[in-house]
Every structure is written in C-alpha cells, then in structure tokens.
DNA sequence: TATTGTGTTATTTTT
DNA sequence: TAACACAATA
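Numbering (full-length UniProt numbering), first residue to last: 1 to 738.
Following this line, the structure appears as structure tokens:
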C-alpha cells in the first residue's frame, strides 16, 4: 500500500532511540496517510481540518501518545483542551489505552477547568481569594436582578436575561466593561450597558465569585499583568492541543495564543463545517484564519470518512457547498454500497411522528437494528413531544438526551446551595437561595431589609443577619427563625469537625427541614426529588472534601451516566455532535423551523449558514440509514402553522435520494415527483395574494386576538395594535383583511 | 407572608 | 399547550 511505504519512510527518518520504542510506535500503523502526517508533525503550528467521521479524536490521542513516546515532553508539559468534560474524559481514556498505563500529570481538560486550575494558583494576583466560587446562570441572574432593582431599572422594559446574554457575549469577545461598544441596546433605562457591566463585576468581586466567562478573562488579565507568570506557563507547555477549534471564542483564542507563544507548538483540530455555536460566542473566523494567526502554520485535511455511506456523504457535501464561509473539503469513502436517503413529506406533524415510530418498529423487527442504533435529531427541544407520544404508542423505549440536567434541578441546586453556605457562610448568593427554603417566614420585606444593611456595611448577607439580630432589628417570625438558622449553621460547622462531610450534609438537610419539606409534599414528583437529593449526598463520598465536590460540580453539567440502554435516542442536532448512529431521522425540515426563522432574523446570512452547518452535522451523524422529512402543517404552541418545506431540501442532490410520499394524507396524495416539486421555491409564492393586501394602517382580523391595525410589516410578520389587548407581533399568514 | 390567579412567551446551551 | 413569573388577594 501506498500509505504503508510512506509511513516506513517517515519512520526511518526518526532515529530509534530504543528497541522498545519500535513496539511503541505500532499505534502509528493504524493511521492513514493524512492522519499519520497530522500525528507526526509535532513542531510548529498545525491546523487539522477534520471532517465528520475522519478520525479526529484518534489523531489527537495518538499525537499525545506519540509525543510522550518520543520523550519530547513530560506529561505535565502537554496541554490538551476540549469543550466538554465528556470529550476530555474520552481523550484521557484513549491516551491511557494507547500507552497501556495511566498517564499522570497531563493538563487535559475543558477550557474552563484548566483556566480554573490556573486561577486557583494565582487568584491573589487578580484580586480574588484562592477559594473563589464559580457561579452558574441562576446566580448570575439573581445578582443582575438585584442590580436592576437597586438602580430602579424597570425589568419590564429591560430584561435581566437579555443583559445576562449581552454580558456573556462581551466576555466571549474579551471585552471588558470599559471597552463596550455602543449598539442599539446600550442603555438600560438610566444606566448604560458598560456601567451595569462594571457594577456586575464589582459585585462579583465583593462576593469573591467569578462566572464562566471570567475564568478565561482573569487568566488573560493575569498573564498580561504578570509577565513572570505568563512566561512560566509559556515555558511549561511545550505542546498544546485543542479539540473542536471551530467552537473557540475570542477569549479562548487569546488565551491559547498567549500560551503558545514560547514553543509555538500548537495543534488545533476542528471542522469549520461543524461550527454550530456561533450564537454562544464561537468565532468561526478563528478556524478560518488560523494560518494567518499562527505564522508558518501547516494545514492538513482529513477527508476520508469512515462512518457513512457515499449517499449520506454526497448529500452532506452538496448541502454544505452552498455555504460561502468555509475552508472547503470533500469527504469521501470507499463504502460504495448502501441505501439511498429517504425524503418524506407528510400532511402534519402527527403523521410524521407516527411514520417514524412505525419505521423504527420495522427497523427493529425486520432489520434487527437495536433501538440504541437509532436516533431522532431535532432542531429544538420542544419538538420532542410528538415523538414521545408516537413512540409510547408503539411501545418503543426511548430516552431524551439533553433536557433537564441533574445539576439543574431545583432540589439539587438547593442542596448545593446549602453545602456552599456551610463551606462559606459569606457566599451570599447561596445563602439567599436557602434563606427561605424551606419556608421560614422570611418574605420579600425582611430580605430587602437584610440586603440594604449588607450593602451599607459592605458585608455578606449572613453577617448582616447576625448584625441585625444582635441589634434586635429582626422581629417576629422572621427574626425568630433567622436566629435559629444562625445557631444551626454554627452547629453544623462544628459537626463538620467531628463527623464526615457526607454525614454532616445529611444532618444539615434533615435539621434544616429541607428533607421534610419534600416529604410533606408526598407527591410522586417530590419522592423523585428526594431520591435525587439522596443520590447527591451519596455521591459526596467520592470526594475528599466539600470544597473538592463544589469545584467539580461547578464545572460539570451532568452526572456521568452513560448507561448503554437499548433505547431510541431523541435529542437536538446540537446535542448529537460527536455521536453516530446506524439510522438517523431528521424530521421537521420546514422553513421557519429549520432553518429557524429566528437565526436568520438575528444573524442574516451568517445565521443561515450556521443553520446549514447544523443540517450538515445532522446528516453526517448517520452511518447507514437516513430519513429526512417535513410536514405541511405543524402544531406549535397550541395552534397550527403552515410551513413551506425547508430550502435545504432543495439543496440536496436528488441522485442520493428516494423520494417517498408515505401516507394517504387528508390531502390528495402527491405523485412522487410532485411531492418533491412542492418543496421548490415556486411554492413559496402561493400566499402572495393575501399578503399583498396587507399594508401599514390596514385594519385586520386575527383568530386569536381579534381586530387590530397594522403598525409595521417585516418579512412574514407584522406588528399589530390589537383593539382588545396590546401590540403584538404576528405572522402575516394569520391575518385577514377586515 | 403565602397562596392563588393571570398573563406572557416561547431555539440551539459544551462550561 | 404549558411552564413560568409576577401581581392581586386571603
């Protein structure tokens, strides 16, 4: 083979220091030519453009292993960053398998985990205490609401959530409060975005807390202001590896660039065609400009796909070619056999869901496909419902991936808040969460009182409560129960010295009345919640201390429950990135839904291209069987929407498809060709006549809201001042000329 | 202060 | 539709 001789040549160029190394090099034999090059080019900047299913993780792990085998670096001199804990775990596991032993000391983890590790060591340099807390979105929002409240900002007009989002995006871009650019939403009432941002940072610092974005930003600040620290890490990390580079934001890019400056050995692996987190601050330009950012960079493309049939790859390749902003690569496979992709149209979403359930049933029955090899991939979480119903009806077991995460459940957050308050009573965000949970008769008025004192004296809520109690300023029910709570916290802190941390937490949750709160409720849901709390308490055993536990949970979103049940997987396409299934269903390919109208409204062409990449990700999850479908009528939020087939359907190459109109729908059956034709743009103009008559100032009728006047018209929707209610944005399709 | 009622508003979410 | 947040009431 061509690749084999190539490999041998390469291998012979390297001096074999030891005989044992010959055997250690064996894992290089499992690589194709491009993979081999990507693994063995260890000096200088390298971008590996790895298409879906081309062996990206294999390259990364083999590369780490290769560097270690060459003895070019100690494990502690290798930095490997991922986005998810899952990916980090997987990489660690595979490196260990390759090396045959546990590799200790590698700096392998998520961006956030590594940044937190660095920051714990150098907290003082950026004005934090070493034991700073990492707060989640809930805490962020609570803090922002406090700020808005204190500044008398009307939360009706200015949504705290929007502000939170904006702060997040600014931090993704490494923009600090004094560098905020003006834009449409620069002012929140009397205060500017940058003023509020500054106040938010100020309060976080007083709380000795950081949010996710801060982890990276403080690292950058640390490095920029302490050149000795920077150069320590620059010298330390001889080799840097980055997974999913297309998902990095500006902060992460700056952070990497700082760290890579000394040795300049940075290897980024990614796929610009799978960049689907732009809305979360990912900068696709990072991967598009890599060779300009890192001079002398080499670019290697992995284009041989080991996952899918040529029909699937053909469809994916054609679809993604409609995007302008990309490096460009052509995936190929030597799997020439395989079924065509099925394209189905349906009368409505119910029929679509029923068809998919039936088809899954026959895949299992007649093709012996285990359920776990099947996935239904959706644009958004709310679409799961109709499939839950149809699969239940067919008695097909399934699992919804994503959804509510373990650590997002209220009872888990409460429990964690109790633990945080125990470890550090001055953690006001945690203390506030549990101060009246269970109900202790402390209402908004008392709480406001405490807040004011705390702010005046610049002390924590806990300290403020103590102070007010001593001054006899907390009377009645609230005063009584707060006095008791203070005593209890004192006791629990003592208990921690004699009992184990698990026992202490158990005791605390019982004595505080938290456990009883759920017991009293005595519903099935409450029982489940109690189970969750107990599971959490049990898991505490695995940690050396409560602080250790808290560090873990703040950087992890879910329990590692990779149970391999034999069930159908339902999830969003975002959630499916990195996964693969023998059979994949992609329902709901309708304009407005997929591509999502909001993406296009918000980000125009860029938004559309990101949606197209999402379609690309969806298609390339499938190994053998793929089903794409759309429904003419879809029930969303209780009422029907009449959607056109997705423009992506027009972009798919027909030669890879079998076009089926599966069901005798309530409408007359399409002929096969027509079923496809109806998806063509010509179809889009069918509603033009009604739309033509809708103008500004026109009085209209809407089935739900009644009569109103059109204030303005955008693409497919209008602002209408309804007579009975208020002004609302509604779809033109729903309006009748009155 | 706690509970009930009403109105509003819905993507994607690696940490 | 359904969940959630906030306002009016007991």
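Every residue gets a Cβ at the ideal spot worked out from N, C-alpha and C, and that includes glycine.
When the Cα of residue 574 is compared with those of 621, 545, 555, which residue comes out closest?
621
Decide yes or no for the touch test of the segment 259-267 against the segment 233-246: beta carbon pairs closer than 8 Å, at least 3 of them.
yes
Which parts of the segment 207-288 are runs of the beta strand (DSSP E), unbroken and 3 residues or longer, counting only runs that do not cross its ends?
239-242, 266-270
Pull up the distance between the alpha-carbon of residue 680 and that of residue 591, whole angstroms please.
Annotation note: pLDDT 30 at residue 680 (below 50); position unreliable, coordinate value reported separately. Those two C-alpha atoms are separated by around 12 Å.
What do you get for residue 283, buried or exposed, if any count of 16 or more other CB atoms within 10 angstroms of its CB means buried?
buried
From residue 611 to residue 448, what distance separates their C-alpha atoms?
45 Å
Among 229, 418, 226, the one whose alpha carbon lies nearest that of residue 515:
418
Helix, strand or coil for residue 299, going by three-state DSSP, please let me know.
strand
Could you give the residue range of the beta strand (DSSP E) that holds residue 31?
First-last for residue 31: undefined, no H or E at that position.
Can you tell which of 526, 93, 71, 70 has its C-alpha closest to the C-alpha of residue 57?
93
Give the list of continuous beta strand (DSSP E) stretches no shorter than 3 residues that lie fully inside the segment 317-402.
341-348, 374-378, 398-400
How big is the Cα-Cα spacing for residue 685 and residue 642?
Because the pLDDT at residue 685 is just 32, under 50, the model does not fix this residue reliably, and the value given afterwards should be weighed accordingly. Going from the Cα of residue 685 to the Cα of residue 642 covers about 13 Å.
Under the three-state DSSP convention, the category residue 404 falls into:
coil
Could you compute how far the alpha carbon of residue 11 sits from the alpha carbon of residue 29?
The predicted position of residue 11 is uncertain, since its pLDDT is 36 and thus under 50; a value taken from the coordinates is nonetheless stated next. The alpha-carbon atoms of residue 11 and residue 29 are separated by roughly 10 Å.
I'd like to confirm the pairing. Which residues does DSSP put opposite residue 473 in its beta bridges?
According to DSSP, residue 473 bridges with nothing at all.
Cβ neighbour criterion (16 or more within 10 Å) applied to residue 587:
buried
Can you give me the Cβ contacts of residue 428 inside the same chain, cut-off strictly under 8 Å, excluding the 5 residues immediately before and after it?
207, 454, 460, 461, 462
Would residue 246 and residue 270 be called neighbours here (beta carbons separated by less than 8 Å)?
yes
How far does the alpha helix (DSSP H) with residue 601 in it extend, from its first residue to its last?
597-619
Taking all protein chains shown into account, decide if residue 522 is buried (16 or more other Cβ within 10 angstroms of its Cβ) or exposed.
exposed
Tell me the residue span of the beta strand (DSSP E) that contains residue 49.
46-50
So the beta strand (DSSP E) residue 109 belongs to, where does it begin and stop?
107-110
Determine the contact status of residue 220 and residue 259, defining contact as a CB-CB distance below 8 Å.
no
Rounded to whole angstroms, what is the Cα-Cα separation between residue 278 and residue 323?
15 Å
Can you give me the C-alpha to C-alpha distance between residue 215 and residue 710, rounded to a whole angstrom?
47 Å
Starting from residue 641, follow the beta strand (DSSP E) in both directions and report where the run begins and ends.
639-642
Candidates 99, 189, 166, of which the one nearest residue 181 by Cα:
166
Under three-state DSSP, which class holds residue 81?
strand
Going by DSSP, name the residue or residues bridged to residue 636.
639
Where residue 569 falls: helix, strand or coil (DSSP):
strand
Status (buried if at least 16 other CB within 10 Å, exposed otherwise) for residue 311:
buried
Since I believe residue 649 is in contact with residue 630 (beta carbons under 8 Å), could you give me their beta-carbon distance rounded to a whole number of angstroms?
7 Å
Nearest-angstrom Cα distance between residue 506 and residue 536?
10 Å
Do you know offhand how far residue 657's Cα is from residue 558's?
38 Å
Return the residue from the list 576, 628, 583 that minimises the CA-CA distance to residue 617.
576
Tell me which residues share the same chain as residue 250 and place their Cβ nearer than 7 Å to its Cβ, disregarding the 5 neighbours each side in the sequence.
172, 173, 174, 283
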